[in-house]
Ligand code: ADP
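Numbering (the working numbering), first residue to last: 33 to 646.
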């Protein structure tokens with residue numbers, strides 16, 4: 033196709049879906065489309081400013097960095113123009129015809145079904161929000177590259193768009209928003225002025241409306257806390273995060289040593305990743321004395337704090353620092369360390385001051401804390417203190433923490449015990465728990481898939497080893513005898529027979545003190561990878577070491593006593609019973625065993641029993 037012809041293209045499926053949501057279900061704050069377009073203009077100006085630091089040949093280099101908005105009531109339009117970075121033909125297709133975020137499709141489908149407009153705000157409806165009020169949008173643009181075309185992009189926000197060449201467009205972008213009749217209010221100067229005043233005081237460039245400057249750049253992060261109202265924090269959060277909800281937490285602080293830092297950080301109301309959206313880029317911009325250095329600075333905060341939004345301003349940063357060299361500069365590493373520590377301490381205080389509020393945060397964001405435990409050993413202790421869980425000492429839904437667990441530890445208890453299972457009930461009923469319960473030892477209950485991996489990665493808390501209560505090698509003190517036990521000799525005979533009868537299936541059989549109501553339990557050897565690690569190794573195509581459990585029998589259990597009494601006289605039946613008990617113990621321990629083997633064994637056992645009765 034010749035470049036002078038009109039090029040017609042279809043939107044990607046995700047864009048169509050997003051447009052559908054924008055147009056049909058997202059009218060709560062229709063006015064935010066103006067904020068979104070101004071932010072895009074501001075981003076485009078930032079990018080131009082950064083480009084000018086390194087590029088000599090910039091189209092129309094002397095245009096001033098500002099945003100101009102004009103309204104026309106008769107034509108029913110609002111026009112937003114910037115002298116920013118602009119877009120080439122390819123960039124128009126890439127930026128306005130597709131969505132680059134990972135996991136977008138799944139996310140949009142979920143949102144659509146669940147109707148969660150608050151989260152979609154965080155995702156950033158951005159440019160497409162214009163279609164909340166418009167039935168047609170034109171984008172006139174010229175890229176900063178001198179040899180680029182003068183272009184016009186146009187779409188009615190339905191199936192696709194067109195691109196053609198136009199004459200004389202200045203550098204940057206000019207968006208002409210053709211308003212629907214029922215939204216003609218957005219072509220009225222007073223209405224638009226109100227909206228700009230509300231949202232664009234945080235924009236770092238002049239915003240002019242019909243030739244008159246509206247905003248005063250308000251870097252509220254440089255103010256002290258008592259000069260900023262809740263409402264201003266909220267407005268700034270909504271501006272910085274492109275959000276429509278309220279921030280869940282707001283952390284505003286200034287420090288002079290070891291670095292000069294002004295930080296304003298927000299935890300959003302909702303965790304968008306929970307709705308299927310892939311990992312998000314960092315949403316905390318880096319500034320030096322009000323001037324943006326990088327909107328998505330890599331390495332400024334650890335990856336697992338990517339849910340934070342806001343601003344970090346440090347006077348200590350050299351203004352012209354190149355982004356590439358910044359990533360691994362010692363200064364950024366230091367900032368990272370200080371900020372992370374500060375934020376975790378802030379969370380800890382929130383957790384103590386408002387237990388319910390923290391519970392809500394935890395439900396949505398605990399994944400990130402767990403990710404942090406695995407990824408950042410230097411912050412493990414603080415992160416571990418922020419974990420919440422049920423335990424054998426809490427009632428129902430009540431939660432506790434590791435510091436509280438440690439406070440409650442019995443005299444002489446050296447280890448923190450935990451179990452991971454499907455639910456509190458499932459863990460409480462299982463064989464692993466009963467020995468701890470009988471001795472009044474607290475067991476922390478965890479119910480998420482990742483927990484086993486995270487806790488074993490944590491290893492210890494406040495010098496106390498974290499030990500999975502399903503592992504072999506835990507020394508439990510003797511209980512006052514409960515019920516009659518096999519004699520020492522009988523136990524020894526049974527154990528030695530079992531060791532030969534089960535040879536190869538388990539690493540060894542022993543009599544032990546763990547069990548109360550169960551006859552037998554399979555314990556994971558101390559050094560073996562846990563079930564989750566094995567699954568991960570398998571998924572990564574690594575060789576999974578064969579894991580043979582250690583069996584512990586309960587010499588006080590009636591079944592074990594009966595087994596001892598028939599071990600010589602009815603050898604065939606005893607064999608089948610021992611095998612069946614072992615299968616059940618391995619199954620409960622989550623070790624490899626096929627369900628069909630277990631049921632086959634059961635059939636054989638029942639047959640043998642009925643045969644013996646004939
Ligand atoms: P987001 O701003 O969250 O990336 P948008 O849908 O608002 O998403 O915009 C998509 C992309 O289009 C932007 O990332 C940017 O590359 C481009 N874009 C939007 N507005 C402008 C503009 N005024 N000037 C230059 N590029 C723009």
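Each residue gets a CB set at the ideal place from its N, CA and C atoms; glycine is no exception. Predicted, not measured: the structure shown is a model, and the values here were computed from it.
Task: CB contact check: residue 414 to chain B, cutoff 8 Å - done: No chain B appears in the structure shown, which is made up of a single protein chain.
Open item on the list: Using a 10 Å radius around the Cβ and a threshold of 16 neighbouring Cβ atoms, would you call residue 33 buried or exposed?
Closed with: Unreliable placement is indicated for residue 33, whose pLDDT of 48 sits below 50; the coordinate value is still reported in the next sentence. Exposed, because fewer than 16 other Cβ atoms sit within 10 Å of the Cβ of residue 33.
- [ ] Would you mind working out which of 201, 246, 562 sits nearest residue 115, comparing C-alpha positions?
- [x] Closest by alpha carbon: 201.
- [ ] Could you name the residues of the same chain whose beta carbon sits closer than 8 Å to that of residue 55, not counting the 5 residues immediately before and after it, in chain order?
- [x] 163, 164, 189, listed in sequence order.
Open item on the list: With H, G and I counted as helix, E and B as strand and the rest as coil, what does DSSP make of residue 33?
Closed with: Note that residue 33 has pLDDT 48, beneath the 50 cutoff, so the model's placement of it is unreliable and the number below is only indicative. The answer is coil: DSSP assigns residue 33 none of H, G, I, E or B.
TODO: Mark residue 544 as exposed unless 16 or more other C-beta atoms lie within 10 angstroms of its C-beta, in which case mark it buried.
DONE: Counting Cβ neighbours within 10 Å, residue 544 comes out buried, since at least 16 surround it.
Open item on the list: Rounded to whole angstroms, what is the Cα-Cα separation between residue 117 and residue 317?
Closed with: Those two C-alpha atoms are separated by around 19 Å.
Task: Continuous alpha helix (DSSP H) assignments of at least 4 residues falling wholly in the region 243–305 - done: Qualifying alpha helix (DSSP H) stretches, in chain order: 262–273.
Task: Boundaries of the alpha helix (DSSP H) in which residue 564 is found, first to last residue - done: Under the DSSP assignment, residue 564 falls in the alpha helix (DSSP H) whose first and last residues are 563–571.
Open item on the list: Tell me whether residue 500, by its Cβ, gets closer than 7 Å to a heavy atom of the ligand ADP.
Closed with: Because no heavy atom of the ligand ADP lies under 7 Å away, the Cβ of residue 500 does not count as near it: no.
Task: Sub-8 Å separation of residue 311 and residue 305 beta-carbons - done: Residue 311 is a Cβ neighbour of residue 305, given a cutoff of 8 Å.
Open item on the list: Which residue marks the beginning of the alpha helix (DSSP H) containing residue 457, and which one marks its end?
Closed with: 456–461 is the extent of the alpha helix (DSSP H) around residue 457.
- [ ] Would you kindly check if the distance between the Cβ of residue 66 and the Cβ of residue 224 is under 8 Å?
- [x] For residue 224 and residue 66, yes; Cβs fall inside 8 Å.
Open item on the list: Are the CB atoms of residue 194 and residue 38 within a distance shorter than 8 Å?
Closed with: The answer is yes: Cβ separation under 8 Å.
Open item on the list: Does the distance between the C-beta of residue 160 and the nearest non-hydrogen atom of the ligand ADP fall short of 7 Å?
Closed with: Yes - the ligand ADP has a heavy atom lying nearer than 7 Å to the Cβ of residue 160.
TODO: Kindly list the residues whose CB is nearer than 7 Å to the CB of residue 455, restricted to its own chain and excluding five residues on each side of it in sequence; keep chain order.
DONE: Hits under 7 Å: 479.
Open item on the list: Can you confirm whether the region 547–554 touches the region 579–590 when touching is taken to mean that 3 or more C-beta pairs between the two stretches lie within less than 8 Å?
Closed with: The way I'd put it, the region 579–590 does touch the region 547–554; three or more beta-carbon pairs between them come closer than 8 Å.
Open item on the list: If distances are taken between C-alpha atoms only, which option among 580, 338, 573 comes closest to residue 562?
Closed with: The option with the nearest alpha carbon to residue 562 is 580.
Open item on the list: Just to confirm before moving on: does the CB-CB distance between residue 279 and residue 298 stay below 8 Å?
Closed with: With respect to the 8 Å criterion, residue 279 and residue 298 are classified as neighbours on the basis of their beta carbons.
TODO: Take the Cβ of residue 257 as the centre, count every other Cβ of all protein chains shown within 10 Å, and call the residue buried at 16 or more, exposed below.
DONE: By the beta-carbon neighbour count (other beta carbons within 10 angstroms, threshold 16), residue 257 is exposed.
- [ ] Confirm the yes/no value for this check: CB of residue 619, any heavy atom of the ligand ADP, distance under 7 Å.
- [x] Checking every heavy atom of the ligand ADP against the Cβ of residue 619, none is found closer than 7 Å.
TODO: Report buried or exposed for residue 181, applying the criterion of at least 16 other Cβ atoms within 10 angstroms of its Cβ.
DONE: Residue 181 comes out buried.
- [ ] Keeping to the same chain, check which residues put their C-beta closer than 6 Å to that of residue 523; ignore five residues upstream and five downstream.
- [x] These residues qualify, in order along the chain: 543, 587.
Task: C-beta contact flag for residue 211 and residue 70 at 8 Å - done: The Cβ atoms of residue 211 and residue 70 do not sit closer than 8 Å to each other.
TODO: On a CA-only basis, which of 482, 395, 487 is nearest residue 416? Give me that one, please.
DONE: Among 482, 395, 487, the Cα nearest to that of residue 416 belongs to 487.
Open item on the list: Tell me which residue opens and which closes the alpha helix (DSSP H) that residue 636 is part of.
Closed with: 627–645 is the span of the alpha helix (DSSP H), which, as asked, contains residue 636.
Open item on the list: Please determine whether the Cβ atom of residue 326 lies at a distance below 7 Å from any heavy atom of the ligand ADP.
Closed with: Every heavy atom of the ligand ADP is 7 Å or more from the Cβ of residue 326, so no.
- [ ] Would you decide whether residue 647 is buried or exposed? Buried here means 16 or more other CB atoms lie within 10 Å of its CB.
- [x] Outside the displayed span of the chain (33 to 646) sits residue 647, for which this structure offers no information.
Open item on the list: For residue 82, tell me which candidate among 300, 470, 324, 168 has the shortest Cα-Cα distance.
Closed with: Looking from the CA of residue 82, the closest CA among 300, 470, 324, 168 belongs to 324.
Open item on the list: Our contact map puts residue 556 next to residue 504 with C-beta atoms below 8 Å; I'd like the distance itself, whole angstroms only.
Closed with: Rounded, the Cβ-Cβ distance is 7 Å, consistent with contact.
TODO: Along the alpha helix (DSSP H) that carries residue 129, what are the first and last residues, could you check?
DONE: Run containing residue 129: 121–129, per the alpha helix (DSSP H) assignment.
- [ ] Please name the residue in 490, 389, 220, 546 whose C-alpha comes closest to that of residue 466.
- [x] Of 490, 389, 220, 546, the residue nearest in Cα terms is 546.
Task: Straight-line gap, residue 122 to residue 177 (C-alpha atoms, nearest Å) - done: If you take the alpha carbons of residue 122 and residue 177, they lie about 13 Å apart.
Open item on the list: Less than 8 Å between the beta carbons of residue 595 and residue 606, yes or no?
Closed with: Contact: yes.
Task: Beta-carbon spacing of residue 203, residue 95 below 8 Å - done: In this structure, residue 95 lies closer than 8 Å to residue 203 by Cβ.
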